[in-house]
Amino acid sequence: MNRALTNKILITLAFLFAYRVLAYVPVPGVNADVIAEFFNNNENNALGLFNVFSGGAAERFSIISLGIMPYITASIIMELLAATFPNIGKMKKERDGMQKYMQIIRYATIVITLVQSVGVAIGLQSLHGRGGASAIMVEDLNTFIALCAISMLAGTMLLMWLGEQITQRGVGNGISLIIFAGIVSTIPSAISNSVGQINSGEMNFLSAFAILLLILLTIGVIIYVELGERRIPISYSRKVVMQNQNKRIMNYIPIKVNLSGVIPPIFASAILMFPATILQTSTNPYILAVNDFLNPNSYAFHILTFLFVVFFAYFYASIVFNAKDIAENLKKQGGFIPGIRPGEGTALYLNEVASRLTFSGSIYLALVATLPWILVKFMGVPFNFGGTSVLIVVQVALDTMRKIEAQIYMSKYQTLSAVGL
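Counting from 1 along the sequence shown, just add 758 to a position and that's the residue number in our numbering.
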């Protein structure tokens, strides 16, 4: 391993360590015991799922309690606008326009964070723990709202900056790695709670063993599908003057079964968890009914998850895979798919292949995100387990490994070029 790659890995680990430190920095003026008790009583609903994605920061009411979800929500809004309005889509493709595009996402993140933080601060005024202890230790509510909004905004901006630094200076996608680190950080406590439930008789050993097998099976399926790809053969014609004959150089275009990667389950989770931070603390019966409808322990929640994952799989695949650009580049380089006309014919063929793969990939993503929970529900296991967390962890791990391997190969290539081989 060369020094440059080692430095990138160390930088990534350092930024992830900083993220974990921020998870233990609380918002001023809150009663941590009341907050922890509240999350313990709601570990199997939307707040429990939200706490998992925040890496346990929510139950400590950390300055990064909102996690990276406001940034993801802003990104979703901008992606939808870019797909709807051609001017925004054109701005995204240009180099200078991309900087402006990202700046708009940052401003939108600020607005979303402020709205969520103010909603949470107002909701906390009605939250009391044992003995009637209030969750707020600041007498003036307006002062607490200001403290909460400023603290959470600073935390989310720091988190967004950490993600961008990891992407630019480290290894892998920074935002995905932050979510990955948050989920992984909850594994030790999940194992400890499971052992405690087995010892107390809440869960029998056979159920625990079945859950372990289900997790391993889910990981195996994810790895198998993520490594799967459709290879479209490409032929390049090259005239060899010395031999006075034409030769063909065969190659291929790899199209992954899951073109959209980890984005659909993350987007789906962000959309479904966005109302949870505002609706949970309301006392209005209609709002509470909506909140119950979005409970991660309900079938409605997982039906919505299934539909959202399929939608975002198609939506994001259409963004990352541009058949027209690929066809034009092939034509310029003298390449063609055997039996397919160059240009528009190639683009139509690639779109058809990508569409079939996206259908299979979207169903796979949706099933992995929902099926494990359904199986666990039928087994009567007394805790929430979903495939979305496993899916994100495995996909981000595979993506990071690919980027590390690419760095290693690039280093070897540069070394061989330097010695003149």
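For every residue, glycine included, the Cβ atom is placed at its ideal position computed from N, Cα and C.
| Check | Outcome |
| --- | --- |
| Report all residues from its chain with a CB closer than 8 Å to the CB of V1111; omit the five preceding and five following residues, and keep chain order. | R988, I990, I1013 |
| Quick check on I863: does DSSP put it in helix, strand or coil? | helix |
| What distance in whole Å lies between the Cβ atoms of C906 and V792, which are believed to be in contact at a cut-off of 8 Å? | With a Cβ gap of about 15 Å, V792 and C906 do not count as contacting. |
| Would A1058 be called buried (16 or more neighbouring beta carbons within 10 Å of its own) or exposed? | exposed |
| Compare the Cα-Cα distances from T914 to each of A1081, I936, K848, L1149 and report the closest residue. | I936 |
| Tell me, please, which residues DSSP counts as bridged to V788. | I894 |
| When we look at the beta-carbon of Y1167 and count the other beta-carbons within 10 Å, is it buried (16 or more) or exposed? | exposed |
| Specify, as a first and last residue, the run of the alpha helix (DSSP H) that S1027 falls within. | 1021-1031 |
| Please classify Y1074 as buried or exposed, where buried requires at least 16 other C-beta atoms within 10 Å of its C-beta. | buried |
| Drop a sphere of 10 angstroms on the beta-carbon of K766, count the other beta-carbons inside from all chains shown, and report buried for 16 or more, exposed for fewer. | buried |
| Taking the alpha helix (DSSP H) that A841 belongs to, which residues open and close that run? | 827-842 |
| Indicate whether L885 and S820 have their beta-carbon atoms separated by less than 8 Å. | no |
| Which class does R988 belong to by DSSP, given the choice of helix, strand or coil? | strand |
| In this structure, does DSSP put F1073 in helix, strand or coil? | helix |
| Taking the alpha carbon of T1104 as the point to measure from, which residue in E1086, T1158, F1070 has its own alpha carbon closest? | E1086 |
| In whole angstroms, what is the alpha-carbon distance linking V1048 and S1056? | 12 Å |
| With respect to the alpha helix (DSSP H) encompassing F938, which residues constitute its N-terminal and C-terminal limits? | 932-942 |
| Taking DSSP as the reference, what is the three-state secondary structure of F1051? | helix |
| Is T1116 near Y1072, with beta carbons less than 8 Å apart? | yes |
| Taking the alpha helix (DSSP H) that N962 belongs to, which residues open and close that run? | Premise fails: N962 is in no alpha helix (DSSP H) and is neither H nor E. |
| Exposed or buried, Y1122, counting other C-beta atoms within 10 Å across all chains shown (16 or more means buried)? | buried |
| Per DSSP, what kind of secondary structure is P1130 in: helix, strand or coil? | helix |
| Among V983, D1083, H1060, whose alpha-carbon lies nearest the alpha-carbon of S1118? | V983 |
| Suppose you measure from the CA of I949 to the CA of F796; what does that come to, to the nearest Å? | 21 Å |
| Output yes or no for whether 8 Å exceeds the beta carbon distance between A1026 and F1066. | yes |
| Whole-angstrom Cβ separation of G787 and M895, contact assumed at under 8 Å? | 5 Å |
| From this set, A893, Q1153, I1098, G847, which residue's C-alpha is nearest S1076's C-alpha? | G847 |
| How long is the line joining the alpha carbons of P1023 and F773, rounded to whole angstroms? | 24 Å |
| Looking only at its chain, what residues have a beta carbon closer than 8 Å to the beta carbon of L763, apart from the 5 residues adjacent to it on each side? | V929, I1162, Q1165, I1166, S1169 |
| If you draw a straight line from the C-alpha of N798 to the C-alpha of I992, how long is it? | 57 Å |
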